[in-house]
Amino acid sequence: MANLDRDRHLTTEQLSAFLDAQLSPAEQVEYNAHIESCQRCQGALASLRQTVA
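Positions in the sequence shown are counted from 1; adding 235 to them yields the working numbering.
1. Within this structure, are the beta carbons of GLN263 and ILE270 separated by less than 7 Å?
2. Just mark SER272 as buried or exposed, buried being the case when its beta carbon has 16 or more other beta carbons within 10 Å.
3. Enumerate in chain order the residues of its own chain whose CB-to-CB distance from ALA252 is below 6 Å, with the five nearest sequence positions on each side excluded.
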C-alpha cells in the first residue's frame, strides 16, 4: 500500500481490517501512524467501533 498522508483517508474496509487485525505488520504500523495524525480517520474509526460493539 502506498504511504498514507493527511490528504488520503482510510476507507471503511481498511478501518475494519485495522480493527480486526487483518493487516500485515507494515500496514498495521502505517495505518496506526495515519490514524494518530488524522482526526477524520479517528472519527470514522470511533464510529466503526460503536457499530461493531
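Ideal Cβ positions, reconstructed from N, Cα and C, are used throughout, including at glycine.
In terms of the structure at hand:
1. Here residue 263 refers to the residue found at position 28 when the sequence shown is read from its first residue. Here residue 270 refers to the residue found at position 35 when the sequence shown is read from its first residue. No, these two residues do not count as a Cβ contact at 7 Å.
2. Position 37 of the sequence shown, counted from the start, is the residue given in the question as residue 272. With fewer than 16 Cβ atoms within 10 Å of its Cβ, SER272 is classed as exposed.
3. Numbered from 1 along the sequence shown, position 17 holds the residue referred to as residue 252. Cβ within range, chain order: LEU258.
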